Each structure stands twice: as C-alpha cells, then as structure tokens.
Amino acid sequence: MTEFTSELGVEAVRLGDGECVMELELDERHMSTARRAHGGVLFAMLDTAMGRAVISRLPDGRGCATVEARINYFRPVPGGRVRAEAKLVRLTRQTAYAEATLLDGAGHMLARSSGTFFLTETLAQADRERV
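In my numbering, each residue's number is its place in the sequence shown (first place is 1) plus 191.
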C-alpha cells in the first residue's frame with residue numbers, strides 16, 4: 192500500500208484478477224467540519240481501489256494513472272467502517288476503465304465511482320511518459 196493510503200488508514204482486503212476490496216475505519220482525521228467523512232477521503236479510497244483493480248491485471252512492473260474520474264455521493268457518512276469494492280470493466284492497450292462502490296457496514300451504498308486510467312510502462316513514471 193502506498194504511503195498516502197497507509198497514512199489514511201486504508202487496508203487492502205482482497206486484490207487480484209481485476210478486482211480490489213479495501214476497508215477503512217473512519218476516525219476524527221477523516222471528518223469534515225460538518226462532522227461526517229470528508230468527500231475527498233472517500234474519493235481517494237475509491238480512486239485507489241479502482242487503480243489497484245486495473246494494476247492487478249497488468250504485467251508486473253506496469254502501472255496506471257487516473258485520467259478522469261467521477262463520483263456520486265448518495266448519503267452522508269457519520270463514521271464507522273467503510274468498504275470500497277472496485278472492478279476493472281475494460282482494458283485496452285493504452286487505457287482502462289474501472290468502477291467502484293463504497294458501502295457501509297450494513298451494506299448500504301454510500302457512493303459510486305468510475306474512472307478512466309492511462310496505462311504506463313512502469314509504476315513510477317518518467318517525466319517524458321507524463322507528457
């Protein structure tokens with residue numbers, strides 16, 4: 192897990208064959224001033240899960256970068272444990288498309304996300320590959 196997602200407290204539960212499941216126990220550091228989970232935290236979790244779902248189907252050493260992503264929030268998240276379930280939907284030679292769902296402990300859908308990813312030759316991208 193990357194330093195950023197580890198710092199957030201995100202835990203990888205399952206990874207492989209175009210799927211990724213991650214969980215996070217929400218605490219004070221994840222809350223907005225409105226006393227609910229900050230949308231950026233939830234989006235970061237879904238984006239990471241989608242990216243990992245993509246990478247799980249790539250040859251070792253290859254990576255991806257988010258080109259475009261969207262999220263729909265369906266209800267506020269006051270706390271507890273949340274679960275991101277991501278799945279690779281389409282993989283081409285240069286791009287991938289993935290979708291993810293965020294659920295609470297009771298299985299209620301909290302948010303839904305989708306994204307397009309640029310496939311890279313390496314996990315860490317050279318400057319010329321970013322252009």
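For each residue, glycine too, the CB sits at the ideal point set by N, CA and C.
As the structure is a prediction and not an experimental result, all values here were calculated from the model.
Less than 7 Å separates the beta-carbon of Leu237 from that of Ala275. One Cα belongs to Gly271, the other to Glu214, and the distance between them is close to 11 Å. Under the DSSP assignment, Glu210 falls in the beta strand (DSSP E) whose first and last residues are Glu210 to Leu217. Taking a 10 Å sphere around the C-beta of Gly242, we find 16 or more other C-beta atoms and assign the residue as buried. If you check the CB distance, Val245 and Phe308 come in under 7 Å. DSSP lists Leu294 as the bridge partner or partners of Met300. Per DSSP, Ala235 is one residue of the alpha helix (DSSP H) stretching across Gly230 to Ile246.
In this structure, the beta-carbon distance from Leu293 to Leu233 falls below 7 Å. The beta carbons of Leu301 and Cys255 sit about 24 Å from each other, so the pair does not count as a contact at 8 Å. Arg220 is bridged by DSSP to nothing; it lacks a bridge partner. Secondary structure at Leu249: coil, using DSSP grouped into helix, strand and coil.
Membership of Leu206 in the beta strand (DSSP E) is indicated by the continuous run Glu202 to Gly207.
For the set Thr313, Leu217 and Thr224, the Cα lying nearest the Cα of Gly296 is the one of Leu217.
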